[in-house]
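Only one structure is covered here, and it is reproduced in the block below.
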Amino acid sequence: MSDVSLILIAMAGIFLLLFLVIRTKLHAFVALLLVSLIVGIAAGMPLGDVIDSMESGMGGTLGFVAIVVGLGAMFGKLLEVSGGAERLAQTLIAKFGEDKAQWALGITGFLVAIPVFFDVGFIILVPIVYGLAKKAGKSILYYGIPLLAGLAVTHSFIPPTPGPIAVADLVGADLGWVILFGVIAGIPSMILAGPVFGRYIASKIDVGVPEYMQNSEEEQQKEYDKELPGFGLITTLILIPLVLILVNTISELTLAEGNVFRSIATFIGHPFVALTFATLLTFTLLGTKRGYTRDEVQEIATKAMEPAGIIILVTGAGGVFKQVLVDSGVGDVLGEMMIDSALPPVLLAFIISTAVRLAQGSATVAMVTAAGLVSPLIETLGLEGPVLGLVVISIAAGATVFSHVNDSGFWLVNRYFGLDVKDTLKSWTVMETIIGFVGFGVVFAISFFIS
879 MSDVSLILIA MAGIFLLLFL VIRTKLHAFV ALLLVSLIVG IAAGMPLGDV IDSMESGMGG
939 TLGFVAIVVG LGAMFGKLLE VSGGAERLAQ TLIAKFGEDK AQWALGITGF LVAIPVFFDV
999 GFIILVPIVY GLAKKAGKSI LYYGIPLLAG LAVTHSFIPP TPGPIAVADL VGADLGWVIL
1059 FGVIAGIPSM ILAGPVFGRY IASKIDVGVP EYMQNSEEEQ QKEYDKELPG FGLITTLILI
1119 PLVLILVNTI SELTLAEGNV FRSIATFIGH PFVALTFATL LTFTLLGTKR GYTRDEVQEI
1179 ATKAMEPAGI IILVTGAGGV FKQVLVDSGV GDVLGEMMID SALPPVLLAF IISTAVRLAQ
1239 GSATVAMVTA AGLVSPLIET LGLEGPVLGL VVISIAAGAT VFSHVNDSGF WLVNRYFGLD
1299 VKDTLKSWTV METIIGFVGF GVVFAISFFI S
């Protein structure tokens, strides 16, 4: 089959995927599997090979992603149930003072969204935003935007949140590099999109706590049956897996192969081991040591797998799509075409992810689709090491920008802040776009020094 035909098949497959997700509202998991089947058959693969590719893509992806996302979800759920997120917010606001509560909320969001899903973190912490806005007589956006920016940055950029985990696996990036570049890109993104933009937009859109949320401070305030855990304990638990994974990456750069310390660091710093250790500590220190029974801890952990399961399956289907592209030969042609474009891989990754994000809204679908399309270029160019971490953050940045009416996050903020569509576009959408472009700008600049 000619290269032109394969390119047309790939383009048709992407348009079909977008049509199925946007217009027919077919679940992304089923849509990705269906498009993978159609692309494989249209590209001339033997029918048995199409099935083998799908099985290989799903198994190869879930072998890593299911373990990491599952452990991360359990870890985050216990942090949520124990009141750890609220403890972070309360302590930071007390330390910073109410006059600098914007910064406290931005940092709180930044830390909370590492183990806790974005929407869960927001719903837990939004009553604090309501309380501060009413007390200070300021627009709810003054405090809300910094919290949202902190949550959104780490939700997109820093593992073990599912998005960067999925992309890292699909492009073969080391999680240590992803964490490092995610933090480097995330801090300026949070500052500019959070406290800086929040102060500006609050002066333009003065909106109070919506009437239907007037009692939310009392009604939504989490009732914890145990005393809130300590600030130091919570921050330590969040940082343990990140530090272990980074130690692994640094040891591979600085120590010779066969070195005893490197071997130990490679083992304990593998995401499987680091997250298992952190999760077990969380079960003990936030669970049984604080009065929960083993059955209650098990119930909390099981509950955590409900939202995680959907993300895991969509990511696995993204792995199927990638594998069919590679095995059908479409991937090689796409890789060659991208090389001929003369655009740097980091920029290409951002453009592709942005295009998919604009079209269908879901950041997760944008990430896994872009990763599937970019992975052939990575294989063709033989990219490895830190540059793959930059590609992951670039894809995540593209999947963050231009959130609008086809994104569930848009409507979550619209409802909780009582905004109309125009003001949601002016606040939430602009905030997300600042995060994406600043994050991309940072990794793109770094890419000139790393090859």
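Take the sequence shown: its position 365, counted from the start at 1, is 1243 in this note's numbering, and no numbers get skipped.
Backbone N, C-alpha and C fix where the C-beta goes; we use that ideal spot for every residue, glycine too.
Quick caveat: nothing in here was measured; it's all calculated off a predicted structure.
Discussion item. I need the DSSP call for S1067, collapsed to helix, strand or coil.
Written reply: helix
Practice prompt. Can you tell me which of R901, L1225, R1077 puts its alpha carbon nearest to the alpha carbon of A1027?
Written response: R1077
Item to complete: Drop a sphere of 10 angstroms on the beta-carbon of R1172, count the other beta-carbons inside from all chains shown, and report buried for 16 or more, exposed for fewer.
Response: exposed
Discussion item. Which of the three DSSP states is assigned to F995 in this structure?
Written reply: Of the three classes helix, strand and coil, the one that applies to F995 here is coil, per DSSP.
Worksheet item: CB-CB under 8 Å to P837, same chain, minus the five flanking residues each way: which ones, in chain order?
Response: Given a span of 879 to 1329 for the chain in the structure shown, any question on residue 837 remains unanswerable.
Fill in: Alpha-carbon to alpha-carbon, G1194 and Q968
Per the coordinates, the alpha-carbon of Q968 lies some 38 Å from the alpha-carbon of G1194.
Practice prompt. Label E1096 either buried or exposed according to how many other C-beta atoms from any shown protein chain fall within 10 Å of its C-beta, with 16 as the threshold for buried.
Written response: Residue confidence for E1096 is low, a pLDDT of 48 falling below 50, so the modelled location carries little weight and cannot support an answer.
Worksheet item: Nearest-angstrom Cα distance between G962 and A972?
Response: 15 Å
Worksheet item: Going by the CB atoms, is the gap between G918 and V928 shorter than 8 Å?
Response: yes
Discussion item. Considering only their Cβ atoms, is the gap separating G891 from V913 smaller than 8 Å?
Written reply: Their beta carbons are under 8 Å apart, which means V913 touches G891 by this criterion.
Item to complete: Using only alpha-carbon positions, find the residue among A1044, L895, E976, L1221 that is nearest to I1188.
Response: A1044
Item to complete: Report the option in A1156, V1004, I1146, V1204 whose CA atom is closest to the CA atom of T1114.
Response: A1156
Worksheet item: Helix, strand or coil: which one does DSSP assign to E1095?
Response: Because the pLDDT of E1095 is 48, which lies under 50, any placement of that residue in the model is unreliable, and the question is left without a value.
Fill in: Same chain only: Cβ atoms within 6 Å of M923, ignoring 5 sequence neighbours per side
Closer than 6 Å at the Cβ level, and outside the excluded window around M923, lie S1206.
Discussion item. What does the alpha-carbon distance come out to for the pair W981 and P1024?
Written reply: 7 Å
Worksheet entry | Start-end ranges of the alpha helix (DSSP H) lying completely within the segment 1244-1302, minimum 4 residues | 1264-1276, 1286-1295, 1299-1302
Worksheet item: Do A1248 and A1227 have their C-beta atoms closer together than 8 Å?
Response: With respect to A1227, A1248 sits close: the two C-beta atoms are nearer than 8 Å.
Worksheet item: Are the Cβ atoms of I1328 and L1268 separated by less than 8 Å?
Response: yes
Discussion item. If contact is defined by three or more beta carbon pairs under 8 Å, each pair taking one atom from either stretch, is the segment 1000-1020 in contact with the segment 1070-1089?
Written reply: yes
Worksheet item: Would you report the Cα separation of V882 and D1052, rounded to the nearest angstrom?
Response: Rounded to whole angstroms, V882 and D1052 show a C-alpha spacing of 34 Å.
Item to complete: Give me the Cα-Cα distance between F1109 and L1117, rounded to the nearest whole angstrom.
Response: 12 Å
Worksheet item: Which of helix, strand or coil does DSSP assign to Y1008?
Response: Secondary structure of Y1008 (DSSP, three-state): helix.
Discussion item. With a threshold of 8 Å, are at least 3 pairs of Cβ atoms found where one atom belongs to the segment 1306-1316 and the other to the segment 1217-1226?
Written reply: Touching, no, given that fewer than three Cβ pairs across the two stretches are closer than 8 Å.
Worksheet item: Which value, in whole angstroms, describes the spacing of the CA atoms of E1135 and F1145?
Response: 13 Å
Fill in: Counted within 10 angstroms of its Cβ, other Cβ atoms place F893 as buried (16 or more) or exposed
exposed
Practice prompt. Thinking A906 and T1278 are a contact (beta carbons under 8 Å), I'd like their distance in whole angstroms, please.
Written response: About 17 Å separates the two Cβ atoms, so there is no contact after all.
Worksheet entry | C-alpha distance - D1210 paired with V1004, whole-angstrom precision | 47 Å
Fill in: Separation of V1087 from S1094, as counted between CA atoms
Only weak support is given to the placement of S1094: the predicted model assigns it a pLDDT of 49, under 50, and the value that follows is read from those uncertain coordinates. Computed Cα separation, rounded: 9 Å.
Worksheet entry | Option in G1060, L915, G1250 with minimal Cα separation from F1318 | G1060
Worksheet entry | Within 8 Å, strictly: CB atoms of V1198 and L911 | yes
Worksheet item: Taking the alpha carbon of G1064 as the point to measure from, which residue in V1321, P1107, S1325 has its own alpha carbon closest?
Response: V1321
Worksheet item: Hey, how far is the Cα of Q1098 from the Cα of G987?
Response: With a pLDDT of 49 at Q1098, under the threshold of 50, the predicted position of this residue should be treated as unreliable, though the coordinate-derived value follows. If I take the Cα positions, the gap works out to 18 Å.
Discussion item. Only counting the same chain, and skipping five residues up and downstream in sequence, which positions put a Cβ closer than 8 Å to that of V1151?
Written reply: Around V1151, the same chain offers L1122, F1145 as residues with beta carbons nearer than 8 Å, after the five sequence neighbours per side are excluded.
Discussion item. For the alpha helix (DSSP H) containing T1162, name the first residue and the last one.
Written reply: No alpha helix (DSSP H) contains T1162, which DSSP labels as neither H nor E.
Practice prompt. Please confirm whether L1164 and L956 have their CB atoms less than 8 Å apart.
Written response: yes
Worksheet item: Could you give the distance in angstroms between the alpha-carbon of T1166 and the alpha-carbon of M1183?
Response: 20 Å
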